Each structure stands twice: as C-alpha cells, then as structure tokens.
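Sequential numbering of the sequence shown, starting at 1084, is according to this note's numbering. Single-structure report; data block below.
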Amino acid sequence: MPDRLNLICSFLSTLWPEHPYQLSAISGDASFRRYFRVHYQGKNYVLMDSPPTLEDGQRFVAVQQAFLASGLRVPAILQQDLAAGLLLLEDLGDQLLLDLLNPDTVNDWYQKALAELVKIRTIHSTEQGPLPRFDRAFLLREMQLFIDWFVNIHLALQLNSDELAMLSKLFEFLADAALEQPHAGMHRDYHARNLMVLADQQLAVIDFQDIVVGPISYDAVSLLKDCYKRWPDALVATLRDEFFQQLQQSQLLGADWDSSRFARSFDLMGLQRHIKVCGIFSRLYHRDGKAGYLADLPRVLDYIIDAAAQYPECQPFYKLLHQKIQPRLLEVIACGQ
C-alpha cells in the first residue's frame, strides 16, 4: 500500500510540479482497482490505481476507446502510465443512477439505460483484437464459483455426490440456454451502480473493461434483476417485453423467437448470473476481505429461488435451495456474516 501511494504521488507530481494537489480516496469496486479523487487548481479528476500484476490497464484503455467510438459516454482518459498501472480520468461526479431510482422514476431511467445497450451490442473487438467469447467454458467456470465459494466456503456445506451431479446437469442446462441466444457485445456488469447520471441527464457507463461477446439478454437481465435493488415482477416483465420488441425490430431475434421463449431465456440467463454472483460475493469476502457485498446475498438467493421455482428442469435445484442452502444462509447471517 505505501509503495503504491508513493507511486501515485510521484505520477501526479510529475504531471503538476508547479502547484500542490489534494488526494482523497473514493470507494473501490469489486476488483483490485482503487480510485482517488484529485483536486488540482479548482478542478477534480479521478486517479485509477490498477496494479499491473493484478489488472490489465491496456485492456481498459482499448475498451474505453471502443466505447467512445460506439457513441457511449465514458470517462475520458487524460493521462496514463500503464507500466505503473495509473490512469488519470475525467471526474464524472458522484451521481449513481441507483440513487435516483424510485417507483416514480425507475421506468423512464431503465428505458433510457436499455436504449444504451444498442450501442454496446455493436462492439465486437478493440484495437487489441476480437473480444473474448462468453462461451460454454466461461459460463460453467462462473457457475462453479457457486459451489467453490458460496456453498463450500461461505456456507461451509459439503454436498454429496448426487447433489453435485445434479448441479453439474443444471449448469450444463443453463449454459445451453445461454448459447441458444444470439450473441453481441455484452458489458457483463450493467446495472445502476455502473451507470452515472451527468448534469445534462445523460447516462455514462463505467466498469466496462470486462466486455465480452455474449447473449443479447444478459445486460438487460443484469439491469432489471439488479443484485442491489429488486423491483416488482410486473415492472420487470413490462420492461423485459419492451426490450424484446426492440430486439425484434432490430432483427436481432429470428421469427422462431416469441415473447414466451424470450421470457424463459431471460429468466434462465438471470439464474446463471445470480448463481455466479453468489460465488463472487462470497469470494470477495473470504479471499479479498470485502464484506460490503454480504448484505446483498439474501436478495440474490431470492432471485435464484424464484427463478428455479418456475421451470421443471430446475426442480431438484429448487428442492436443494429450500432444504439446505437457504436455511444454512440464514444460520450464517445469524452468526454475523
């Protein structure tokens, strides 16, 4: 930590040798990146500290350029030292979309956010080459986090061979469902904490560096079934159906896709994502010491239970959730985690 701070101070002092600056920490994200607000001569900037042994700064720059080229509003990169893992960014302020959402505003804001996905879907490559594919191996690797970090470590549960076989079959089923969809550029973590509202009411996109080519419903699922805020099912269904109509009008879905098929695929995509998220949130706590995501685990598990309840292929999983996993999570929470 002191070494990184010394590096940051050296970087800024080289940029601005004439006048002093003020540096203050901004809360980080779920990665190894850290952010600082820098105040210099009446203006604010954001310093992104991205240790090169842990984060790929080159990829961040390449993706930022691709987003700009597609007409998306992202923070400008003002100065960079990629060897040190330091980037000086435009300060977009503090107004997260999440903080503006309420029952009266959510519909309009979410329609605006869904419209931005049209631009993200056009991105298939950067100057570094084609984007990674959100393929079967990727999907299965993500879902395995549910077993490795959420079930085994956070819940301290050991599943028997039949239960593990059932989960393996379920994961393959969910991967099949995801791969049936058309694929396009996919932000991969598109939600109201990663959208900022600017003074002109324009939406800016952040935390975009993990973009892949993946299922066209994924980002809409991430937004509408947000891990940090749950909205009424009727509202989600209405916005989902409007999104489906947009995809049809854009000819991104063939004639074999109707609203019922899309709704099913949307739900199963959400199930895959939330299974992954349980593992990610648990890993952030147990490996990285970030406890802030634990409070969201019950909401994410509720999404999983509700989705699993709807589909025959998920009934063995639904039974496991009710008999073992949800009761154990409640015990863990009662113990202070």
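Don't be surprised by glycine CBs; every beta carbon is placed ideally from N, CA and C. The structure presented is a predicted model; accordingly, all values stated were derived computationally and were not measured.
(message) By alpha-carbon positions, which one of SER1107, PRO1134, LYS1407 and LYS1195 ends up nearest to PHE1115?
(response) By one-based count along the sequence shown, residue 1115 stands at place 32. With distances taken between Cα atoms, PHE1115 lies closest to PRO1134.
(message) I'd like the list of long-range same chain contacts for HIS1274, defined as Cβ closer than 6 Å, with 5 residues on each side in sequence excluded.
(response) Taking the first residue of the sequence shown as 1, we reach residue 1274 at position 191. So the list reads SER1305, LEU1306 and ASP1309, once near-sequence residues are dropped.
(request) Could you tell me the distance, in whole angstroms, from the CA atom of LEU1377 to the CA atom of ARG1370? (result) One-based indexing of the sequence shown puts residue 1377 at position 294. One-based indexing of the sequence shown puts residue 1370 at position 287. In this model, LEU1377 and ARG1370 are separated by some 13 Å (Cα to Cα).
(request) Could you tell me the distance, in whole angstroms, from the CA atom of PHE1379 to the CA atom of HIS1102? (result) Stepping through the sequence shown from its first residue, residue 1379 is reached at position 296. Stepping through the sequence shown from its first residue, residue 1102 is reached at position 19. A small correction: the amino acid at residue 1379 is Asp; Phe does not occupy that position in the sequence shown. Spanning the two alpha carbons is a distance of roughly 43 Å.
(message) So, for PHE1217: in the same chain, excluding its five sequence neighbours on each side, which residues have a beta-carbon less than 8 Å away from its beta-carbon?
(response) Here the question's residue 1217 lines up with position 134 in the sequence shown. Counting only residues of its own chain and dropping the five nearest sequence neighbours on each side, PHE1217 has a CB closer than 8 Å to the CB of ALA1261, HIS1266, MET1269, ARG1271, VAL1295, VAL1296, GLY1297, PRO1298 and TYR1301.
(request) Please confirm if the region 1139 to 1154 is in contact with the region 1162 to 1173, defined as three or more CB-CB distances below 8 Å between the two stretches. (result) These segments touch.
(request) Tell me, please, which residues DSSP counts as bridged to GLU1199. (result) Here residue 1199 corresponds to residue number 116 of the sequence shown, with the count starting at 1. Paired residue(s): none; GLU1199 is not in a bridge.
(message) If you follow the alpha helix (DSSP H) that GLN1398 is in, where does it begin and where does it stop?
(response) Reading the sequence shown from its first residue, position 315 is the one you call residue 1398. GLN1398 -> alpha helix (DSSP H) spans 1398 to 1403.
(message) Do ARG1156 and GLN1285 have their beta-carbon atoms positioned less than 7 Å apart in this structure?
(response) Here residue 1285 is taken as the residue at index 202 of the sequence shown, counted from 1. Here residue 1156 is taken as the residue at index 73 of the sequence shown, counted from 1. GLN1285 places its beta carbon less than 7 Å from that of ARG1156.
(request) Just tell me which of ALA1374, ALA1391, LEU1318 and ALA1320 has its CA closest to the CA of GLN1355. (result) Counting from one through the sequence shown, the residue named residue 1355 turns up at place 272. Measuring C-alpha to C-alpha distances from GLN1355 to each of ALA1374, ALA1391, LEU1318 and ALA1320 identifies ALA1391 as the nearest.
(request) Note down the Cα distance separating LEU1175 from ALA1303, rounded to an integer number of angstroms. (result) Walking along the sequence shown from the start, residue 1175 turns up at place 92. Walking along the sequence shown from the start, residue 1303 turns up at place 220. Straight-line Cα distance between these residues: approximately 23 Å.
(request) Can you have a look at ASP1132 and say buried or exposed, based on whether 16 or more other CB atoms are within 10 angstroms of its CB? (result) For this step, residue 1132 is matched to residue 49 along the sequence shown. Label assigned to ASP1132: buried.
(request) Could you have a look at TYR1376 and say whether DSSP puts it in helix, strand or coil? (result) For the purposes of this step, residue 1376 is taken as the residue at position 293 of the sequence shown. If DSSP states are grouped into helix, strand and coil, TYR1376 belongs with the helices.
(request) Examine the Cβ distances between the region 1226 to 1242 and the region 1357 to 1374 and report whether three or more of them are shorter than 8 Å. (result) Counting Cβ pairs under 8 Å, three or more are found: they touch.
(request) For LEU1240, I'd like the list of residues in its chain whose CB is within less than 8 Å of its CB, leaving aside the five on either flank, ordered along the chain. (result) For the purposes of this step, residue 1240 is identified with residue 157 of the sequence shown, where counting begins at 1. Residues VAL1234, LYS1407, ILE1408 and ARG1411 of the same chain have their beta carbon placed closer than 8 Å to that of LEU1240, with the five preceding and five following residues left out of the count.
(message) Here's the rule I'm using: 16 or more other beta-carbon atoms within 10 Å means buried, otherwise exposed. How should GLY1353 be labelled?
(response) For the purposes of this step, residue 1353 is taken as the residue at position 270 of the sequence shown. It counts as buried.
(message) Any contact between the region 1248 to 1258 and the region 1219 to 1226? By contact I mean 3 or more CB pairs, one from each, below 8 Å.
(response) Put simply, the region 1248 to 1258 touches the region 1219 to 1226. At least three CB pairs are less than 8 Å apart.
(request) Look at ASP1324 and SER1342 and say whether their C-beta atoms are less than 7 Å apart. (result) Taking the sequence shown and counting its residues from 1, one reaches residue 1324 at position 241. Taking the sequence shown and counting its residues from 1, one reaches residue 1342 at position 259. Yes; because the gap between Cβ atoms is below 7 Å, this pair is in contact.
(request) Return the CA-CA distance between MET1249 and PRO1399, expressed in angstroms with no decimal places. (result) Numbered from its first residue, the sequence shown carries residue 1249 at position 166. Numbered from its first residue, the sequence shown carries residue 1399 at position 316. Rounded to whole angstroms, the separation of the alpha carbons of PRO1399 and MET1249 is 7 Å.
(message) Quick check on ALA1220: buried or exposed, where buried means 16 or more other Cβ atoms within 10 Å of its Cβ?
(response) Counted from its first residue, the sequence shown places residue 1220 at position 137. So ALA1220 counts as exposed.
(message) Tell me the residue span of the alpha helix (DSSP H) that contains GLN1163.
(response) The residue given as residue 1163 occupies position 80 in the sequence shown. GLN1163 -> not in any alpha helix (DSSP H); beta strand (DSSP E) instead, spanning 1160 to 1164.
(message) Does GLY1125 come out as helix, strand or coil in the three-state DSSP assignment?
(response) The residue given as residue 1125 occupies position 42 in the sequence shown. In the structure shown, GLY1125 adopts coil according to DSSP, grouped into three states.
(request) Name, in chain order, the residues that DSSP records as bridge partners for TYR1118. (result) To locate residue 1118, count along the sequence shown from 1; it is residue 35. The bridge partners DSSP lists for TYR1118 are ILE1109 and MET1131.
(message) Within 10 Å of its beta-carbon, does CYS1418 have 16 or more other beta-carbons around it, so buried, or fewer, so exposed?
(response) As a working note, residue 1418 is residue 335 in the sequence shown. Around the C-beta of CYS1418, fewer than 16 other C-beta atoms lie within 10 Å, and the residue is accordingly described as exposed.
(message) Measuring straight from C-alpha to C-alpha, what distance separates LEU1214 and LYS1195?
(response) Here residue 1214 corresponds to residue number 131 of the sequence shown, with the count starting at 1. Here residue 1195 corresponds to residue number 112 of the sequence shown, with the count starting at 1. Their backbone Cα atoms lie some 25 Å apart in a straight line.
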